[in-house]
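Contents: one structure, followed by commentary.
Numbering (my numbering), first residue to last: 161 to 249.
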C-alpha cells in the first residue's frame, strides 16, 4: 500500500480501536504518517521503540501486596485508562 493510501485508511482503523501493524523498510514514512494522522485528531502519541526496552519496561515491575503479586505499571504509560491516544511501537 502506498503511503498516501495508508493516510486515508489509518483514521478509520484507529477508530476501530484494533491494533494496527504497519510494515515496510526504514525511511518510507510510516512514523511520519502516524504522527500526522494522530496530530490531526488532537490525540496524544506515545512513541515507544521496543527494540530499546527490556521486557520488564513494558510489563512493569512485580511487587507483593497483602500476599498477592501485582505489577507496577511503567511510569511512561498514561495513568488514566480513559485517555485518548496512540501507543506506537
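Note that CB positions come from ideal geometry on N, CA and C, so glycine has one too.
The model shown is predicted, which means the values in this text are computed figures rather than measured ones.
Exposed or buried, residue i, counting other C-beta atoms within 10 Å across all chains shown (16 or more means buried)?
i	result
residue 169	exposed
residue 224	exposed
residue 221	exposed
Assign residue i to one of three DSSP states: helix, strand, or coil.
i	result
residue 199	helix
residue 245	strand
residue 210	helix
residue 182	coil
My assumption, with CB atoms under 8 angstroms, is that residue i sits in contact with residue j. Please give the rounded CB distance.
i	j	result
residue 249	residue 210	5 angstroms
residue 182	residue 195	Contact doesn't hold; Cβ gap of about 12 angstroms is too wide.
residue 178	residue 244	No, residue 178 and residue 244 are not in contact; Cβ-Cβ is about 16 angstroms, not under 8 angstroms.
Starting from residue i and walking both ways along the beta strand (DSSP E), at which residues does that stretch end?
i	result
residue 204	204-207
residue 222	221-225
residue 231	228-232
I need the boundaries of the alpha helix (DSSP H) containing residue i, first residue and last residue.
i	result
residue 188	Unbroken run through residue 188: none, as it is neither H nor E.
residue 240	From DSSP, residue 240 is part of no alpha helix (DSSP H); its letter is neither H nor E.
Quiz item: Looking at C-beta atoms only, is the number of pairs between the segment 205-219 and the segment 231-239 that lie closer than 8 angstroms three or more?
Solution: Short answer: they touch.
Quiz item: Does the segment 187-194 touch the segment 225-233, meaning 3 or more C-beta pairs lie closer than 8 angstroms?
Solution: no
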